[in-house]
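Protein chains: 2
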Amino acid sequence: MRRPQSAPPFPAPGHDHGPCVKETLARAAEAFEANGLRLTPLRRRVLEEVAASHHAIGAYEILERLARKETTRMAPISVYRALEALLDAGVVHRLESRNAYFACHARHDHSGARRIVLACERCATVAEVAAPVAFDAIDGAASDAGFRSTRALVEVAGLCTACAAAA
Amino acid sequence: MRRPQSAPPFPAPGHDHGPCVKETLARAAEAFEANGLRLTPLRRRVLEEVAASHHAIGAYEILERLARKETTRMAPISVYRALEALLDAGVVHRLESRNAYFACHARHDHSGARRIVLACERCATVAEVAAPVAFDAIDGAASDAGFRSTRALVEVAGLCTACAAAA
DNA sequence: ACCGATAGGAAACAATGTAACACTATCCGC
DNA sequence: GCGGATAGTGTTACATTGTTTCCTATCGGT
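Those sequence lines, one after another, are chains A and B. One gets my numbering by counting positions in the first sequence from 1 and adding 124 to each. One gets my numbering by counting positions in the second sequence from 1 and adding 124 to each.
Have a look at this one:
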């Protein structure tokens with residue numbers, strides 16, 4: 125059975141992105157609230173930049189974009205601190221293989237984070253999908269090797285639906 | 125069936141490391157030869173540093189260790205170029221989640237590279253194991269999402285046999 | 001001898017990420 | 001309301017990781 129997706133992981137090319145951002149911000153507010161933390165203006169601005177697309181974006185790119193909008197240029201550390209808070213809150217993830225950050229566009233459980241990341245090599249769009257079988261197999265292989273795994277990172281490069289069709 | 129390993133992926137704590145290095149160097153010479161390239165002194169020295177342990181090591185750490193041995197300090201670019209050649213030859217891999225490099229201590233097929241990387245959080249030892257089921261599951265999940273995958277990166281953090289026993 | 005491919009030295013730079021310290025804001029218990 | 005604890009931010013400087021550019025050398029084939 126081809127497990128159906130409630131929402132397609134890759135957004136349609138010309139989709140209305142407004143709701144994506146809005147929902148992400150709402151989830152962020154919720155997540156911070158739930159941990160007794162605050163979605164401050166700084167964190168909100170950083171999150172807005174990250175969530176502005178379905179691409180992974182570098183920390184300095186965020187810095188650059190905010191600087192263009194805001195007349196004052198903040199220090200890198202400010203962006204990194206905001207990113208850390210957003211990562212902890214689970215509303216932003218890090219694409220390790222590219223040292224970049226992307227917004228989590230779905231309301232899922234991130235304790236455990238057993239989701240794989242798909243990154244399109246052509247359009248740079250990033251999506252996450254659940255893959256329990258894959259993680260079970262990874263844990264099994266690790267365990268067979270006498271390894272007690274605590275966290276598995278899976279990042280897949282390839283072509284998203286639209287780019288595969290275009291190619 | 126618990127697929128048996130010809131050699132245990134994690135070396136015994138006090139194992140004789142000499143043969144590991146020797147075999148890795150031999151495989152490197154072979155791999156370069158096969159591609160019409162050369163295992164030059166520089167590349168050999170860099171490889172020796174990487175292969176000196178079963179840990180992942182940073183490029184600048186390699187630079188540092190060579191500088192200590194050699195009176196002359198080379199430029200970072202030299203190490204990076206050597207590493208690139210070694211990566212291409214498949215005798216060194218990169219631990220993406222830590223921006224570090226480790227020697228491949230087994231003679232396996234690198235076209236495709238469907239192996240997962242296990243990195244001990246306590247002793248920093250790195251090992252690779254085959255996990256065809258995991259990669260099949262990853263490809264399946266990607267494909268279900270309409271993603272055509274070309275390369276999957278799997279890095280697992282946890283505790284190796286020895287460290288799990290010690291903990 | 002000459003050519004193209006391979007290899008590497010030197011200097012500067014680019015990109016990514018942190019440490020240390022000072023300060024303000026907010027919340028909570030009394 | 002006061003005082004301490006925690007959370008959040010600014011500023012400066014620094015650390016780590018990786019690259020661009022230009023030039024020189026070496027090797028193998030013709």
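Even for Gly, the Cβ is constructed at its ideal location relative to N, Cα and C. A quick note: this is a predicted structure, and the numbers were derived from the prediction, not measured.
>> I'd like to know whether the C-beta atoms of residue 276/A and residue 216/B end up nearer to each other than 7 Å.
In response: No, Cβ-Cβ distance for residue 276/A and residue 216/B is not below 7 Å.
>> Which residue marks the beginning of the alpha helix (DSSP H) containing residue 240/B, and which one marks its end?
In response: Boundaries for residue 240/B: no alpha helix (DSSP H) harbours it, while the beta strand (DSSP E) harbouring it runs 239-244, taken from the DSSP string.
> Taking Cβ to Cβ, would you say residue 257/A is nearer than 7 Å to residue 255/B?
Replying inline: Taking 7 Å as the cut-off, the Cβ atoms of residue 257/A and residue 255/B do not count as close.
> Nearest to residue 163/B by alpha carbon, out of 214/B, 286/B, 179/B and 282/B?
Replying inline: Ranking 214/B, 286/B, 179/B and 282/B by Cα distance to residue 163/B puts 214/B first.
> Does DSSP put residue 171/A in a helix, a strand or coil?
Replying inline: Under the three-state reduction of DSSP, residue 171/A is assigned to helix.
> Relative to the alpha-carbon of residue 232/A, which residue among 137/A, 145/A, 151/A and 139/A has its alpha-carbon at the smallest distance?
Replying inline: Closest by alpha carbon: 151/A.
> Exposed or buried, which one is residue 184/A when buried takes at least 16 other CB atoms within 10 Å?
Replying inline: Flag for residue 184/A reads exposed.
> Bridge partners of residue 249/B, per DSSP?
Replying inline: Its beta-bridge partners are 179/B.
> Using the beta-carbon of each residue, which ones in chain B are nearer than 8 Å to residue 171/A?
Replying inline: Residues of chain B passing the Cβ test: none, with the nearest at roughly 23 Å.
>> One question on the structure: do residue 178/B and residue 135/B come within less than 7 Å of each other, judged by their Cβ atoms?
In response: Yes, Cβ-Cβ distance for residue 178/B and residue 135/B is below 7 Å.
> Counting only beta-carbon atoms, is residue 165/B nearer than 7 Å to chain A?
Replying inline: False, the Cβ-Cβ gap to chain A never drops below 7 Å.
> Would a check of beta-carbon distances place residue 197/A closer than 7 Å to chain B?
Replying inline: False, the Cβ-Cβ gap to chain B never drops below 7 Å.
> residue 277/A CB to nearest chain B CB: under 7 Å?
Replying inline: For residue 277/A, at least one C-beta of chain B is nearer than 7 Å to its own C-beta.
> Which residues does DSSP pair with residue 273/A in a beta bridge?
Replying inline: According to DSSP, residue 273/A bridges with 282/B.
> In three-state DSSP terms, what is residue 215/B?
Replying inline: Three-state result, residue 215/B: coil.
> Exposed or buried, residue 246/B, counting other C-beta atoms within 10 Å across all chains shown (16 or more means buried)?
Replying inline: Classification of residue 246/B: exposed, given that the 10 Å Cβ count is below 16.
>> Rounding to the nearest angstrom, what Cα-Cα distance links residue 243/B and residue 271/B in this structure?
In response: Note on geometry: alpha-carbon atoms of residue 243/B and residue 271/B lie some 28 Å from one another.
> Identify the residues that DSSP records as bridge partners of residue 225/A: which are they?
Replying inline: Answer is 181/A and 218/A, bridged to residue 225/A.
> How would you call residue 282/B, buried or exposed, if buried means at least 16 neighbouring beta carbons within 10 angstroms?
Replying inline: By the neighbour-count rule (16 or more Cβ atoms within 10 Å), residue 282/B is buried.
> For residue 191/A, does the three-state DSSP call read helix, strand or coil?
Replying inline: In the three-state scheme derived from DSSP, where H, G and I count as helix and E and B as strand, residue 191/A is classed as helix.
> For residue 268/B, which option in 274/A, 251/A and 267/A has the closest C-alpha, if you only look at C-alpha atoms?
Replying inline: When only C-alpha atoms are compared, the closest one is 251/A.
> Under a three-way DSSP split, which group does residue 136/B fall into?
Replying inline: Of the three classes helix, strand and coil, the one that applies to residue 136/B here is coil, per DSSP.
> Got a sec? Which residues, its chain only, sit under 7 Å from residue 129/A by beta carbon, not counting five neighbours each side?
Replying inline: Legend: pLDDT at residue 129/A = 46, less than 50; position of this residue unreliable, no value from coordinates given.
>> By alpha-carbon positions, which one of 221/B, 222/B, 220/B and 241/B ends up nearest to residue 229/B?
In response: The candidate whose alpha carbon is nearest that of residue 229/B is 241/B.
> What three-state label does DSSP hand residue 291/B in the structure shown?
Replying inline: Residue 291/B: coil per DSSP, three-state reduction.
> Beta-carbon separation of residue 148/A and residue 175/A under 7 Å?
Replying inline: At the C-beta level, residue 148/A and residue 175/A come within 7 Å of one another.
>> Rounding to the nearest angstrom, what Cα-Cα distance links residue 127/B and residue 239/B in this structure?
In response: Confidence in residue 127/B is poor, its pLDDT being 49 and thus under 50, which makes the residue's placement unreliable; the coordinate value appears in the next sentence. Each residue's Cα considered, the two are about 14 Å apart.
> For residue 230/A, which of helix, strand or coil comes out of DSSP?
Replying inline: Note: residue 230/A maps to coil in three-state DSSP.
>> Using 7 Å as the threshold, is the C-beta distance between residue 197/B and residue 191/B below it?
In response: The answer is yes: Cβ separation under 7 Å.
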